[in-house]
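In our numbering, the protein residues as written are 9 to 246.
Yeah, the Cβ is synthetic: ideal placement off N, Cα and C, and Gly gets one too.
Following: one structure in structure tokens, then a few remarks.
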């Protein structure tokens, strides 16, 4: 895969028309160009993947396939690269899109969540206070889950506002204060109950098997595009 990425990098122009005759899951990962600027930058750049029409469509199809038939009300993307895949996923699903922003950019009242990103920097994300109502079923999308700190913070932010699981099979896993009505097949909660605390569906091009990545995989329904035989190479950034 790394050799294929280097071949793409050395091409003078982005190749936007051609793809493999047999498009296996993850073929588009080879469109990404490797980092040539050092450790302060991401391992791979997905610009060529996003610019390739068939590559982007196949990436979205693989990413969303596990959630087919699941109840999703809105797709949320994490600032900033999660906006690209998140908005594309929302359009494909014909759902609305919520941008989870870095702090300091919204001109309305917000709810904030601090976190540490993959580089170890302390940051804050936020959403408008009225963006997530109790019971809203959200699919969270980001470009990459490396340490898991950013995605975990987004999950915690959604749960604080009562966001409901997107795409879990069977009955939702809910906070003890929330009750499941077997007749209407809906969640309900007392007027004065504490905030609902439920899990969220998570999707990313790659979810590394880091401590944070495993934490997400153990607790939430998730999807990513890396085939199992390539996962160790992505975990080791090779």
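State the beta-bridge partners of residue 121 as determined by DSSP.
According to DSSP, which records beta bridges pairwise, residue 121 is partnered with 133.
Report the CB separation of residue 108 from residue 84 in whole angstroms; it is logged as a contact under 8 Å.
6 Å
In whole angstroms, what separates the C-alpha of residue 142 from that of residue 171?
Rounded to the nearest whole angstrom, the CA to CA distance from residue 142 to residue 171 is 6 Å.
Round the Cβ separation of residue 60 and residue 24 to the nearest angstrom and send it over; I've been treating them as touching at under 8 Å.
6 Å
Take every Cβ of the region 140 to 154, pair it with every Cβ of the region 70 to 86, and state whether three or more of those distances are shorter than 8 Å.
yes
Within 8 Å, strictly: CB atoms of residue 248 and residue 214:
Residue 248 lies beyond the residue range present for the chain, which begins at 9 and ends at 246; the question has no answer from this structure.
Please determine if the region 209 to 227 and the region 61 to 72 are in contact, where contact requires at least 3 C-beta pairs separated by less than 8 Å.
With a cut-off of 8 Å, the region 61 to 72 and the region 209 to 227 count as touching, because enough Cβ pairs lie within range.
Measuring CB atoms only, is the region 113 to 130 touching the region 92 to 105, in the sense that at least three cross pairs come out at less than 8 Å?
no
Simplified DSSP state of residue 110, which is helix, strand or coil:
strand
Would residue 226 pass as a contact of residue 153 if the rule is Cβ separation under 8 Å?
no
Give the DSSP-derived three-state secondary structure of residue 51 in the structure shown.
Here residue 51 sits in coil by DSSP.
Considering only residues of the same chain and omitting the five flanking positions on each side of residue 165, which have a CB-CB separation below 6 Å?
121
Rounded to a whole number of angstroms, what is the C-alpha to C-alpha distance between residue 180 and residue 28?
With a pLDDT of 45 at residue 180, under the threshold of 50, the predicted position of this residue should be treated as unreliable, though the coordinate-derived value follows. Near 40 Å, if we compare the C-alpha coordinates of residue 28 and residue 180.
What span of residues does the alpha helix (DSSP H) with residue 70 cover, start to end?
61 to 72
Where the alpha helix (DSSP H) containing residue 93 begins and where it ends
90 to 101
Check each candidate in 158, 47 and 119 and name the one with the smallest Cα separation from residue 90.
158
Counting only the same chain and skipping the five closest in sequence on each side, list residues whose C-beta sits under 8 Å from that of residue 161.
Closer than 8 Å at Cβ, skipping near neighbours: 121, 122, 123 and 133.
Which partner residues does residue 35 have in the DSSP bridge list?
Paired residues: none, contrary to the question.
Secondary structure of residue 195, DSSP reduced to three states:
Confidence at residue 195 is low in this model, with a pLDDT of 41, below 50, so the placement of that residue is unreliable and no value is reported for it.
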